[in-house]
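Numbering (this note's numbering), first residue to last: 2 to 252.
Here it is, written out as C-alpha cells:
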C-alpha cells in the first residue's frame, strides 16, 4: 500500500485550491444531500481535499471523521480549527471498525470511486464501518456531461468514457455513467434510494472559472444550471447516488 500512498500524495499536488467551480459544485453537493442529514449524525468522509464540503457538512451533523491518506491534507485540515471534525490517517482500503473505533450514520464518498484502485474493496470497507441503517452518499464525475460531449464533437475526445489528459493528471482511473455507478454500488450490496445529476455542465472547469472571473457566470446562472440538472441529469458534470445496505429478504 506504500505505492498507493505515493499515488495519493502525487495526486494531491495537482489539486487547484482557487477554482471557483470546485467550490460551487461542492456546495451544491452538500445542498443536495442536506435533506437526508440530521444534527445527531456521526459521519465519515472519505478524503479531505480542499475542505469546502467538510466545512459545510460539519455544520449539518454532530461530528465528522475524515479518513485521509495524504498527510499534507491532514495537516492542512487540522489547521482549520473545526470543532467537530477529526482526522484518521488511513487509506480507504484499510478502513475497519478497529481503525475507526465506531460505525457511522453516514459515509460520504465525494469524488472517490474514480480514483481508487479497487472500488469494490473500498465499498466493502465502507459497509464494515457503516451502521446497518446508515446512508452512503456517493458523487463521481459523469462521462456523459455536456462539456465532455462538446469535447468529443470538437475532436478532443474519441469516446465519452475515455480518460482525458485532465482526468489522468488528477489521478482518475475510470469514468462513470449512471449505469456503471448503479452496478458498482449494487455489486457491493447497496440499494440505491435516490440518484441524479448535479449542475448541468456546459464547459470545462477552467472555462467556467474564467466566466466566474468575468462576472458572466454568477449566482442566478449557477442556480439555473443546478435546477436544469434535475431535468437533464445525464448532462450534468457530476452524478450522485444515495444508498443503504441491502436488507436480506426472508424466504
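Think of the CB as a built atom: it goes at the ideal place given N, C-alpha and C, for glycine as much as any other residue. This one's a predicted model, so the numbers in the text were calculated from it and none came from an experiment.
Going by other Cβ atoms of all chains shown within 10 Å of its Cβ, with 16 needed for buried, is residue i buried or exposed?
i: residue 80; result: exposed
i: residue 135; result: buried
i: residue 54; result: buried
i: residue 123; result: buried
i: residue 221; result: exposed
i: residue 231; result: exposed
i: residue 85; result: exposed
i: residue 110; result: buried
i: residue 244; result: buried
i: residue 241; result: buried
i: residue 239; result: buried
i: residue 207; result: exposed
i: residue 70; result: buried
i: residue 126; result: buried
i: residue 210; result: buried
i: residue 1; result: With the chain covering 2 to 252 only, the question about residue 1 has no answer from this structure.
i: residue 11; result: exposed
i: residue 225; result: exposed
What separation, rounded to the nearest whole angstrom, lies between the Cα atoms of residue i and residue j?
i: residue 87; j: residue 9; result: 20 Å
i: residue 106; j: residue 157; result: 42 Å
i: residue 228; j: residue 216; result: 20 Å
i: residue 78; j: residue 219; result: 28 Å
i: residue 117; j: residue 185; result: 13 Å
i: residue 121; j: residue 189; result: 6 Å
i: residue 36; j: residue 42; result: 13 Å
i: residue 191; j: residue 103; result: 20 Å
i: residue 155; j: residue 82; result: 45 Å
i: residue 172; j: residue 49; result: 15 Å
i: residue 143; j: residue 131; result: 26 Å
i: residue 5; j: residue 27; result: 25 Å
i: residue 145; j: residue 60; result: 32 Å
i: residue 213; j: residue 201; result: 16 Å
i: residue 76; j: residue 56; result: 15 Å
i: residue 204; j: residue 177; result: 18 Å
i: residue 340; j: residue 32; result: A query on residue 340 cannot be resolved here, the shown segment of the chain reaching from 2 to 252 and no further.
i: residue 183; j: residue 193; result: 8 Å
i: residue 149; j: residue 199; result: 15 Å
i: residue 112; j: residue 141; result: 5 Å
i: residue 1; j: residue 114; result: Nothing can be reported for residue 1, as the shown portion of the chain is limited to 2 through 252.
i: residue 175; j: residue 169; result: 9 Å
i: residue 187; j: residue 153; result: 30 Å
i: residue 94; j: residue 160; result: 30 Å
If you follow the beta strand (DSSP E) that residue i is in, where does it begin and where does it stop?
i: residue 239; result: 237 to 246
i: residue 105; result: 105 to 111
i: residue 86; result: 86 to 90
From which residue to which residue does the alpha helix (DSSP H) around residue i run?
i: residue 19; result: Careful: residue 19 lies outside any alpha helix (DSSP H) and carries neither H nor E.
i: residue 207; result: 206 to 215
i: residue 223; result: 220 to 232
i: residue 120; result: 120 to 130
i: residue 100; result: 98 to 101
Assuming residue i contacts residue j under a Cβ cut-off of 8 Å, what Cβ separation, rounded to an integer in Å, is found between them?
i: residue 45; j: residue 23; result: About 22 Å; that fails the 8 Å criterion.
i: residue 137; j: residue 98; result: The pair is not a contact, with the Cβ atoms about 16 Å apart (cut-off 8 Å).
Could you tell me whether any non-hydrogen atom of the ligand GTP is closer than 7 Å to the CB of residue i?
i: residue 228; result: Looking for the ligand GTP in the displayed structure turns up nothing, as the structure carries no ligands at all.
Quick check on the DSSP output: what are the complete beta strand (DSSP E) runs of length 3 or more inside the segment 136 to 202, in order along the chain? 191 to 201
Whole alpha helix (DSSP H) runs in the segment 43 to 73 with 4 or more residues, listed along the chain? 53 to 59
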